[in-house]
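Here the UniProt record's numbering is used: the first residue of the sequence shown is 1, the next is one more, and so on.
C-beta atoms are modelled at their ideal positions from N, C-alpha and C, and glycine is treated no differently.
Owing to the predicted nature of the structure, the values given are computational and were not obtained by experimental measurement.
Working notes, structure below.
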Amino acid sequence: MRAITIPEPGGPEALVWAEVPDPEPGPGEVVVDVRASAVNRADLLQRQGHYPPPPGAPAYPGLECSGVISAIGRDVTGWTVGQEVCALLAGGGYAERVAVPAGQLLPVPAGVDPVDAAALPEVACTVWSNVVRLARLAAGETLLVHGGGSGIGTFAVQLGRALGATVLVTARAAKHDRLRELGAAHTIDYREQDFVEEVAGATGGHGADVILDIMGASYLGRNVAALADGGRLVVIGMQGGRKAELDLGALLAKRASVAATALRSRPLDDKAAIVRGVREEVWPLVEAGKVRPVVDRRLPMTDAAQAHRLVESNDHVGKVLLTTA
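Printed below as a string of structure tokens:
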């Protein structure tokens, strides 16, 4: 088969479409013939040499895909050859085929284009596991989403609204109209506005009950300041750096909490539990049309370098997909 390889770390030009060995399904795995994968920020880091795949994962980038099951390994039940699926991956989505643990498979939701389904697994699992399972977002609460125009952000806006929360987002001004269409109640231009002041104004001084943060260090102090009493900050990215000083007094005064999580490196059983939760709690919302994949554009897999440049520019809204056909 062919896959996007990274012979040497570097810029987008480091991505090379090349012949590689075909995957074989191990025990508990299936092989998926890939229709599409999606570009995630982690793929850019891997290309640059900063985020290697976990042990045992394919060397190729790609944390999710959609496609058709073409082979089934030993001890797999409940799935059939020819079935349309999408999948959460530890790597290998930028390829014509990929071996996937059966616990990380999801059926393509009813009413969703089988190619666009590639935009769902990573964002659905990330947002649900952090906003719902960890931070326990409840109806009537306020959710602040940083990076609202990203794949994670556009999904979090929709899921938060579907769960009955009021959703605030930070994003470039050019993306605000689209985010309001998706359900954001208040949009904040992070380049021109102080999000702490904006959150206070939008909530009557209450603050955000849950904050989903992709920035890390550069936002830590302001995120704590923006939290409501009993608020929960979940950090899932470090685009603004790794290290910052945390004012424990401010955190204690609000009886608030800070958590940081990653998805790719989790054990298989934990990933399978997250996928089950998404199938049970999120897929019905997708099939009801309350949450939908947001796809900025589709590009051929061979144009992976162009797709990486687009994501690095932050000019997209939602997901950029790479298709095999």
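- Judged by beta-carbon spacing, proline 53 lies beyond the 8 Å limit of valine 98, meaning their Cβ atoms are not closer than that value.
- C-alpha of proline 293 to C-alpha of aspartate 247: approximately 38 Å in a straight line.
- The alpha helix (DSSP H) runs of length 4 or more contained entirely in the stretch 259-285 are, from start to end of the chain, 268-281.
- Annotation for glycine 82: Val68, Ile69 place their beta carbon closer than 7 Å to its own, counting only its chain and skipping 5 residues before and after.
- Membership of isoleucine 152 in any beta strand (DSSP E) is not indicated; the residue belongs instead to the alpha helix (DSSP H) covering 151-162.
- Across the structure, arginine 136 and aspartate 303 are spaced so that their CA atoms are roughly 39 Å apart.
- If only complete runs of 3 or more residues are kept, the stretch 186-249 shows the beta strand (DSSP E) at 186-189, 208-213, 227-235, in order along the chain.
- Counting along the chain, threonine 323 sits inside the beta strand (DSSP E) bounded by residues 319-323.
- Burial of valine 132 is indicated by the presence of at least 16 other C-beta atoms within 10 angstroms of its C-beta.
- In the three-state reduction of the DSSP assignment, aspartate 303 falls in the helix class, which pools H, G and I.
- Inter-segment contact for the stretch 181-195 and the stretch 102-109 is absent: fewer than three beta-carbon pairs are separated by less than 8 Å.
- In the DSSP assignment, proline 121 falls within the unbroken alpha helix (DSSP H) covering 121-127.
- Taking one beta carbon from each stretch, the stretch 88-97 and the stretch 32-45 have 3 or more pairs nearer than 8 Å; the two touch.
- By the beta-carbon neighbour count (other beta carbons within 10 angstroms, threshold 16), valine 115 is buried.
- Following the DSSP letters along the chain, one finds leucine 45 inside the alpha helix (DSSP H) bounded by residues 41-47.
- For glutamate 29 against valine 100, the beta-carbon gap comes to about 6 Å, under 8 Å, which counts as contact.
- Assigned with DSSP and collapsed to three states, alanine 184 falls in coil, not helix or strand.
- Rounded to whole angstroms, the Cβ separation of valine 167 and leucine 143 is 5 Å, and the two are in contact under 8 Å.
- Looking only at Gly73, Ala165, Gly205, Tyr51, the smallest Cα-Cα distance to proline 23 is reached by Gly73.
- Under the three-state reduction of DSSP output, glycine 10 falls in the coil class, being neither helix nor strand.
- In this structure, DSSP gives valine 131 a helical state, which the three-state scheme calls helix.
- Rounded to the nearest whole angstrom, the C-alpha separation of aspartate 315 and leucine 321 is 15 Å.
- Take valine 157, set aside five residues on each side of it, and the residues of its chain with a beta-carbon closer than 8 Å to its own are Val145, Gly148, Val167, Val169, Leu179, Leu182, Gly183, Ala184, in chain order.
- Take alanine 208, set aside five residues on each side of it, and the residues of its chain with a beta-carbon closer than 8 Å to its own are Thr142, Leu143, Leu144, Leu168, Val199, Ala226, Leu227, Ala228, Gly231, in chain order.
- Distance from the CA of isoleucine 4 to the CA of leucine 268, rounded to the nearest whole angstrom, comes to 24 Å.
- Pairing glutamate 19 with tyrosine 60, the inter-Cα distance amounts to about 12 Å.
- For arginine 35, the enclosing beta strand (DSSP E) covers residues 29-38.
- DSSP lists Lys319 as the bridge partner or partners of valine 295.
- For leucine 252, the secondary structure class from DSSP, reduced to helix, strand or coil, is helix.
- Rounded to whole angstroms, histidine 176 and proline 21 show a C-alpha spacing of 44 Å.
- Separation of leucine 63 and glycine 91 (C-alpha to C-alpha, rounded to the nearest whole angstrom) is 5 Å.
- Serine 129 is a Cβ neighbour of isoleucine 274, given a cutoff of 8 Å.
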